[in-house]
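Working notes, structure below.
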Amino acid sequence: STTASNADCFGTATGSATVNVSGGTAPYTYFWNTLPVQTGVTATGLTAGTYTVTVTDAAGCITTTTVTITEPTLLTASTVGTNASCFGTATGSATVNVTGGTAPYTYSWNTLPVQTGATATGLTAGTYTVTVTDAAGCITTTTVTITEPTLLTASTVGTNASCFGTATGSATVNVSGGTAPYTYSWNTLPVQTGATATGLTAGTYTVTVTDAAGCITTTTVTITEPTLLTASTVGTNASCFGTATGSATVNATGGTAPYTYSWNTSPVQTGATATGLTAGTYTVTVTDAMGCITTATV
Numbered sequence: 001s002t003t004a005s006n007a008d009c010f011g012t013a014t015g016s017a018t019v020n021v022s023g024g025t026a027p028y029t030y031f032w033n034t035l036p037v038q039t040g041v042t043a044t045g046l047t048a049g050t051y052t053v054t055v056t057d058a059a060g061c062i063t064t065t066t067v068t069i070t071e072p073t074l075l076t077a078s079t080v081g082t083n084a085s086c087f088g089t090a091t092g093s094a095t096v097n098v099t100g101g102t103a104p105y106t107y108s109w110n111t112l113p114v115q116t117g118a119t120a121t122g123l124t125a126g127t128y129t130v131t132v133t134d135a136a137g138c139i140t141t142t143t144v145t146i147t148e149p150t151l152l153t154a155s156t157v158g159t160n161a162s163c164f165g166t167a168t169g170s171a172t173v174n175v176s177g178g179t180a181p182y183t184y185s186w187n188t189l190p191v192q193t194g195a196t197a198t199g200l201t202a203g204t205y206t207v208t209v210t211d212a213a214g215c216i217t218t219t220t221v222t223i224t225e226p227t228l229l230t231a232s233t234v235g236t237n238a239s240c241f242g243t244a245t246g247s248a249t250v251n252a253t254g255g256t257a258p259y260t261y262s263w264n265t266s267p268v269q270t271g272a273t274a275t276g277l278t279a280g281t282y283t284v285t286v287t288d289a290m291g292c293i294t295t296a297t298v
């Protein structure tokens with residue numbers, strides 16, 4: 001009869017077989033049909049298969065018997081990864097799925113520190129290797145690559161207020177990277193949630209951009225305004241009663257040059273100086289290059 005010790009791992013020569021002999025006339029000799037032939041009571045280094053041993057006793061009597069060495073199925077491992085949600089974050093994970101070999105299995109990921117579960121967590125972008133060892137000491141390795149989106153960045157372009165003290169500014173945020181679509185939140189009152197914020201007075205504004213994975217970036221924009229448009233007048237009175245010999249000049253400051261003028265004369269005069277004026281009160285309307293308006297009287 002024979003006693004077998006099966007191969008530990010698929011494809012390995014770790015099996016052995018021992019023949020137990022009774023009867024006949026001792027001592028016995030043994031002949032195993034291995035390559036090379038083994039002649040001991042125990043044959044070692046056996047792969048899976050069926051082996052025959054021939055036993056001859058001292059009197060030349062012969063008997064044969066067979067033994068079958070088995071092996072576990074091939075130990076294999078595959079991985080499934082979850083990529084990092086945001087650039088530069090340790091939010092990835094990977095799970096190893098194992099088949100074959102002899103359960104239970106142990107795991108060793110090449111993380112810092114080493115993780116020993118079927119799932120490794122807290123992974124940054126990179127390639128990771130997991131070593132799986134089964135109950136018989138058989139080993140297999142596999143790798144997984146964790147990726148990350150590109151860096152979420154935002155920049156702004158502002159349109160300044162056209163006139164002093166007016167809410168005519170606007171700002172647009174341009175976003176790249178991360179994972180579209182994006183949502184926006186401007187620190188305006190009320191909060192604006194579009195890529196463009198409108199109705200802005202002079203000041204500094206912050207927009208918070210959130211991508212589809214929850215990654216966040218912020219950026220600011222400063223809206224300016226021109227100085228206050230003001231006008232003052234200097235008049236020259238009529239030289240004689242009832243004559244049209246007066247004049248008036250307007251001096252404009254602030255706003256955005258150049259300026260245009262409109263005097264309430266008949267006909268309307270459009271220069272900085274109105275002439276040929278009779279006694280009376282006159283109004284001049286000054287308009288700057290942005291359409292801002294002020295008036296003055298003389």
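Once you know that position 201 of the sequence shown is 201 in the numbering used here, the rest is easy, because the numbers rise by one and skip nothing. Glycine residues also receive a C-beta, built at the ideal position from the N, C-alpha and C atoms.
Minimum Cα-Cα distance from leucine 228 among the listed residues Thr106, Ile293, Leu35 corresponds to Ile293. The beta carbon of glycine 40 sits closer than 7 Å to those of Tyr30, all from its chain and outside the five residues before and after it, given in chain order. The bridge partners DSSP lists for tyrosine 282 come to none.
Take the alpha-carbon of threonine 111 and the one of serine 93: they are about 11 Å apart. Non-local beta-carbon contacts of threonine 217 in its own chain, meaning distances under 7 Å to residues more than five positions away in sequence, involve Leu152, Thr153, Ala154, Val209 in chain order.
Rounded to whole angstroms, the separation of the alpha carbons of threonine 82 and glycine 117 is 16 Å.
Here the stretch 66-79 does not lie against the stretch 196-205, with fewer than 3 beta-carbon pairs under 8 Å apart.
If only uninterrupted beta strand (DSSP E) runs of at least 3 residues are considered, those enclosed by the stretch 99-134 are 106-109, 119-123, 126-133. For glycine 271, the CB contacts under 7 Å within the same chain, skipping 5 residues up- and downstream, are Tyr261 in chain order. Rounded to the nearest angstrom, the Cβ distance from alanine 171 to glycine 158 is 4 Å, consistent with a contact under 8 Å. Judged by pairs of C-beta atoms under 8 Å, the stretch 184-194 does not touch the stretch 234-254, as fewer than three such pairs exist. Around the beta carbon of leucine 277, a 10 Å sphere encloses 16 or more other beta carbons of the protein chains shown; the residue is thus reported as buried.
Ranked by Cα distance from proline 27, the first of Asp57, Ala120, Gly235 is Asp57. For the pair tyrosine 259 and alanine 195, the Cα-to-Cα distance works out to about 34 Å.
Take the alpha-carbon of proline 104 and the one of threonine 70: they are about 19 Å apart. Annotation for threonine 156: Ala171, Val173, Thr219, Val221 place their beta carbon closer than 6 Å to its own, counting only its chain and skipping 5 residues before and after.
Here asparagine 83 carries a coil assignment [DSSP, helix/strand/coil]. Between asparagine 20 and the set Thr12, Gly11, Ala4, the nearest pair of CA atoms involves Ala4.
Taking a C-beta distance under 9 Å as the contact criterion, alanine 238 and alanine 296 do not qualify as a contact pair.
Here DSSP, grouped into helix, strand and coil, assigns valine 191 to coil. By the criterion of a C-beta distance shorter than 6 Å, threonine 91 is surrounded in its chain by Ala84, Ser85, once the five residues flanking it on both sides are discounted. Here glycine 169 really is in contact with alanine 161; their C-beta atoms are around 4 Å apart, less than 8 Å.
Rounded to whole angstroms, the Cβ separation of valine 250 and valine 286 is 6 Å, and the two are in contact under 8 Å. Looking at the DSSP output, valine 19 shares a beta bridge with Thr2. For tyrosine 28, there is no enclosing beta strand (DSSP E), as DSSP gives it neither H nor E. Taking C-beta separations shorter than 6 Å and ignoring five residues to either side along the sequence, the partners of valine 298 in its chain run Thr233, Gly235, Ala248, Tyr282, following chain order. Apart from the 5 residues on each side of it in sequence, threonine 129 sits with its Cβ closer than 7 Å to the Cβ of Asn110, Thr141, Thr143 in its chain, given in chain order.
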